[in-house]
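Q: Before we start, here is the structure in question, set down as structure tokens.
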DNA sequence: TGACGTCAAGATCCG
DNA sequence: CGGATCTTGACGTCA
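Below, the structure written as structure tokens:
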């Protein structure tokens with residue numbers, strides 16, 4: 039059983055996917071982007087393996103405009119060496135990857151051009167995974183598509199077009215219930231009829247119920263039957279909703295107690311679990327460490343190193359509690375640790391806490407920073423305390439310093455993860 | 001015709 | 001000029 043995350047790796051430098059506008063997509067630009075994105079992918083794979091993350095979704099943006107005529111680069115040949123090397127790391131590390139074409143890849147459309155585009159897009163995804171040298175257990179996930187006023191006809195069109203796909207695509211394709219149109223019952227029927235493995239998505243299921251087939255654990259058990267010998271372990275998608283946003287929106291982070299409740303109810307053998315959550319790899323590590331059969335204290339201490347300034351700015355008291363919790367090196371209090379982290383994150387940042395944390399982080403630079411940088415920092419922290427400078431501007435200054443002075447420990451700190459700062463200022467209530 | 005979802009690029013503003 | 005902030009793009013379906 040593996041737990042993983044989708045597409046983006048937060049808090050790890052130089053893992054961003056680069057893209058461009060279609061009007062700027064000439065051969066030179068596209069080659070730059072492909073080369074940069076493959077480097078980024080390799081960094082993500084390295085990071086995942088360092089952190090025990092064995093499941094990962096590769097962004098469809100990895101090769102920009104791959105299925106469009108604007109991109110005529112023979113990337114699978116020109117970058118064969120890099121692709122093979124990344125694939126070798128994935129295989130030898132025991133990692134499983136997947137890809138998920140977006141909501142605009144619609145195989146069952148009545149529009150012939152849309153279908154042709156969808157087929158090209160699926161061919162691209164299969165070629166990418168083939169170029170990594172990975173077997174058919176590394177999947178491509180797709181939704182059934184639109185309803186067009188007649189679901190059974192639309193499913194029939196999906197089936198016909200599925201059957202006509204290239205064998206290399208068919209070997210990898212799996213289908214998933216969506217939150218609006220096709221519920222798990224309909225997807226499961228389609229999967230059984232066509233021998234296509236089915237991915238159960240719990241949040242889509244909440245939004246779009248199917249039939250009376252019992253609870254989500256029953257559906258997961260039914261979906262298990264669609265996974266054949268060459269398909270690898272069953273996969274599911276797990277996410278929690280963000281109560282501050284409209285229904286169906288993914289949560290900022292995974293609530294560990296709710297996750298463990300779900301996890302413990304899973305029948306054996308447990309499926310691979312792809313988390314769909316805003317804080318991506320950060321929640322993936324949380325769930326990996328909290329379900330580890332024999333946890334290593336070192337891994338927990340590395341996590342604490344990444345969380346500490348973030349926790350400190352929210353609550354000095356919880357910061358102190360975690361330090362005490364982690365003193366006993368013979369224990370492995372992963373769940374207790376994450377409960378405290380979550381509790382800290384629910385506390386609104388006090389000005390004093392933010393100043394305190396920023397001052398701690400500044401401590402890394404006080405010997406190496408120039409006079410100008412020092413004056414700059416003092417100006418920012420003073421401005422923040424007076425309410426003139428926003429907190430994220432102060433943090434941005436510190437992040438620039440960390441980059442310039444190559445403080446790799448700080449660069450991996452969750453203190454700088456923009457998502458957590460944004461969440462404090464963004465209110466999107468429905 | 002706009003909302004949907006997503007992220008970074010691109011555009012623009014500001015000091 | 002560099003940094004901060006706002007807008008656009010790329011896709012297809014559906015109300």
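In the numbering used here, the protein residues as written are 39 to 468. The beta carbon of each residue, even a glycine, is placed where N, CA and C say it ideally should be.
What's the C-alpha gap between residue 197 and residue 456?
A: By one-based count along the first chain, residue 197 stands at place 159. By one-based count along the first chain, residue 456 stands at place 418. The alpha-carbon atoms of residue 197 and residue 456 are separated by roughly 43 Å.
Q: Could you pull out every residue in the same chain whose Cβ sits closer than 6 Å to the Cβ of residue 185, ignoring the five residues on either side in sequence?
A: Here the question's residue 185 lines up with position 147 in the first chain. Here the set comprises 192, 219.
Q: Checking 8 Å against the spacing of the C-beta atoms, do residue 341 and residue 327 come in under that value?
A: By one-based count along the first chain, residue 341 stands at place 303. By one-based count along the first chain, residue 327 stands at place 289. For residue 341 and residue 327, yes; Cβs fall inside 8 Å.
Q: Which one of 306, 366, 376 has the shortest CA to CA distance from residue 346?
A: Taking the first chain and counting its residues from 1, one reaches residue 346 at position 308. Nearest C-alpha to residue 346: 376.
Q: How many whole angstroms separate the CB atoms of residue 216 and residue 247, which I take to be in contact at a CB cut-off of 8 Å?
A: Indexing the first chain from 1 puts residue 216 at position 178. Indexing the first chain from 1 puts residue 247 at position 209. Not confirmed; about 12 Å, so no contact.
Q: Let me know the alpha helix (DSSP H) ranges lying completely inside the segment 268 to 327, each 4 residues or longer, listed in chain order.
A: For the segment 268 to 327, whole alpha helix (DSSP H) runs of length 4 or above, ordered along the chain, are 294 to 302.
Q: Between residue 214 and residue 258, is the Cβ-Cβ spacing less than 8 Å?
A: Within the first chain, residue 214 is the residue found at index 176, counting from 1. Within the first chain, residue 258 is the residue found at index 220, counting from 1. No, the Cβ-Cβ distance between residue 214 and residue 258 is not below 8 Å.
Q: Starting from residue 95 and walking both ways along the beta strand (DSSP E), at which residues does that stretch end?
A: Taking the first chain and counting its residues from 1, one reaches residue 95 at position 57. Looking at the DSSP string, the run of the beta strand (DSSP E) that includes residue 95 is 93 to 96.
Q: For residue 425, count neighbouring C-beta atoms within 10 Å of its own C-beta (all shown protein chains included) and say buried if the count is 16 or more, exposed if not.
A: Walking along the first chain from the start, residue 425 turns up at place 387. That one is exposed.
Q: In chain order, which continuous runs of the beta strand (DSSP E) of length 3 or greater are located wholly inside the segment 61 to 139?
A: If we require 3 residues or more, the beta strand (DSSP E) runs fully inside the segment 61 to 139 come out as 93 to 96, 134 to 137.
Q: On the three-state DSSP scale, how would you describe residue 181?
A: Here residue 181 is taken as the residue at index 143 of the first chain, counted from 1. Here residue 181 sits in strand by DSSP.
Q: Between the C-alpha atoms of residue 355 and residue 223, what's the straight-line distance to the nearest angstrom?
A: Taking the first residue of the first chain as 1, we reach residue 355 at position 317. Taking the first residue of the first chain as 1, we reach residue 223 at position 185. Going from the Cα of residue 355 to the Cα of residue 223 covers about 49 Å.
Q: Give the secondary structure of residue 48 by DSSP, where H, G and I count as helix, E and B as strand, and everything else as coil.
A: As a first step, residue 48 must be located in the first chain, where it is residue number 10. If DSSP states are grouped into helix, strand and coil, residue 48 belongs with coil.
Q: Of the residues 152, 167, 147, which one's Cα is nearest the Cα of residue 195?
A: Locating residue 195 in the first chain gives position 157, where the first residue counts as 1. Out of 152, 167, 147, 147 has the C-alpha closest to the C-alpha of residue 195.
Q: So, using beta-carbon positions, are residue 319 and residue 117 closer together than 8 Å?
A: Indexing the first chain from 1 puts residue 319 at position 281. Indexing the first chain from 1 puts residue 117 at position 79. Contact flag unset, no.
Q: Quick one: complete alpha helix (DSSP H) runs, 4+ long, within the segment 216 to 251?
A: 222 to 232, 240 to 245, all fully within the segment 216 to 251.
Q: Verify whether the separation of the beta carbon atoms of residue 137 and residue 167 is less than 8 Å.
A: One-based indexing of the first chain puts residue 137 at position 99. One-based indexing of the first chain puts residue 167 at position 129. Contact: yes.
Q: Only counting the same chain, and skipping five residues up and downstream in sequence, which positions put a Cβ closer than 6 Å to that of residue 261?
A: Stepping through the first chain from its first residue, residue 261 is reached at position 223. Closer than 6 Å at Cβ, skipping near neighbours: 236, 238.
Q: Considering only C-alpha positions, which residue in the set 307, 70, 199 is nearest to residue 255?
A: The residue you call residue 255 lines up with position 217 of the first chain. Comparing Cα-Cα distances from residue 255 to each of 307, 70, 199, the minimum goes to 307.
Q: Where does residue 459 sit, in a helix, a strand or coil, going by DSSP?
A: Translated into the one-based positions of the first chain, residue 459 becomes position 421. Helix, per DSSP.
Q: Find the nearest neighbour of residue 294 within the set 285, 385, 441, 278, judged by alpha-carbon distance.
A: Counted from its first residue, the first chain places residue 294 at position 256. Out of 285, 385, 441, 278, 278 has the C-alpha closest to the C-alpha of residue 294.
Q: May I ask which residues mark the beginning and end of the beta strand (DSSP E) holding residue 211?
A: Position 173 of the first chain, counting from 1, holds the residue named residue 211. Start and end: 211 to 214.
Q: Should residue 41 and residue 325 be called a contact, given that it needs their Cβ atoms to be closer than 8 Å?
A: Here residue 41 refers to the residue found at position 3 when the first chain is read from its first residue. Here residue 325 refers to the residue found at position 287 when the first chain is read from its first residue. Their beta carbons are under 8 Å apart, which means residue 41 touches residue 325 by this criterion.
Q: With residue 68 and residue 111 assumed to form a contact (beta carbons below 8 Å), what rounded beta-carbon distance in angstroms separates them?
A: Working through the first chain from its first residue, we reach residue 68 at position 30. Working through the first chain from its first residue, we reach residue 111 at position 73. The Cβ separation is near 6 Å, so the contact holds.
Q: Would you check if the distance between the CB atom of residue 473 and the CB atom of residue 353 is smaller than 8 Å?
A: The first residue shown for the chain is 39 and the last is 468, placing residue 473 beyond what the model contains.
Q: To the nearest angstrom, report how far apart residue 382 and residue 344 are at their CA atoms.
A: Numbered from 1 along the first chain, position 344 holds the residue referred to as residue 382. Numbered from 1 along the first chain, position 306 holds the residue referred to as residue 344. Cα to Cα, residue 382 sits roughly 14 Å from residue 344.
Q: Give the straight-line distance between the Cα atoms of residue 405 and residue 449, rounded to the nearest whole angstrom.
A: As a position in the first chain, residue 405 is number 367, starting the count at 1. As a position in the first chain, residue 449 is number 411, starting the count at 1. Distance between the alpha carbons of residue 405 and residue 449: 18 Å.
Q: Roughly how many whole angstroms lie between the Cα atoms of residue 465 and residue 280?
A: Start at 1 with the first residue of the first chain, and residue 465 comes out as number 427. Start at 1 with the first residue of the first chain, and residue 280 comes out as number 242. Residue placement at residue 465 is flagged as unreliable, the pLDDT there being 41, under the threshold of 50; the coordinate-derived value follows with that caveat. Their Cα atoms are separated by approximately 11 Å.
Q: Between which two residues does the alpha helix (DSSP H) containing residue 354 stretch?
A: Taking the first residue of the first chain as 1, we reach residue 354 at position 316. Start and end: 354 to 363.
Q: Could you tell me how far apart the beta carbons of residue 135 and residue 103 are, in whole angstroms, since I believe they sit closer than 8 Å?
A: Position 97 of the first chain, counting from 1, holds the residue named residue 135. Position 65 of the first chain, counting from 1, holds the residue named residue 103. Rounded, the Cβ-Cβ distance is 21 Å, inconsistent with contact.
Q: For the alpha helix (DSSP H) that contains residue 167, what are its first and last residues?
A: Indexing the first chain from 1 puts residue 167 at position 129. Unbroken alpha helix (DSSP H) run through residue 167: 150 to 169.
Q: Can you have a look at residue 367 and say buried or exposed, based on whether 16 or more other CB atoms are within 10 angstroms of its CB?
A: Position 329 of the first chain, counting from 1, holds the residue named residue 367. Exposed, by the Cβ-count rule.
Q: Put residue 453 into one of helix, strand or coil per three-state DSSP.
A: Your numbering for residue 453 matches position 415 in the first chain. Looking at residue 453 - three-state DSSP - the assignment turns out to be helix.
Q: Among the residues of its own chain, which have a CB less than 8 Å from the CB of residue 288, if the five just before and after it don't count?
A: Against the first chain, residue 288 aligns to sequence position 250. So the list reads 241, 277, 278, 279, 280, 314, 315, 316, once near-sequence residues are dropped.
Q: With C-beta atoms as the reference, is residue 199 less than 8 Å away from residue 153?
A: Position 161 of the first chain, counting from 1, holds the residue named residue 199. Position 115 of the first chain, counting from 1, holds the residue named residue 153. Yes; because the gap between Cβ atoms is below 8 Å, this pair is in contact.
Q: Take every Cβ of the segment 398 to 415, pair it with every Cβ of the segment 357 to 373, and state whether three or more of those distances are shorter than 8 Å.
A: With the cut-off at 8 Å, the segment 398 to 415 and the segment 357 to 373 do not touch.
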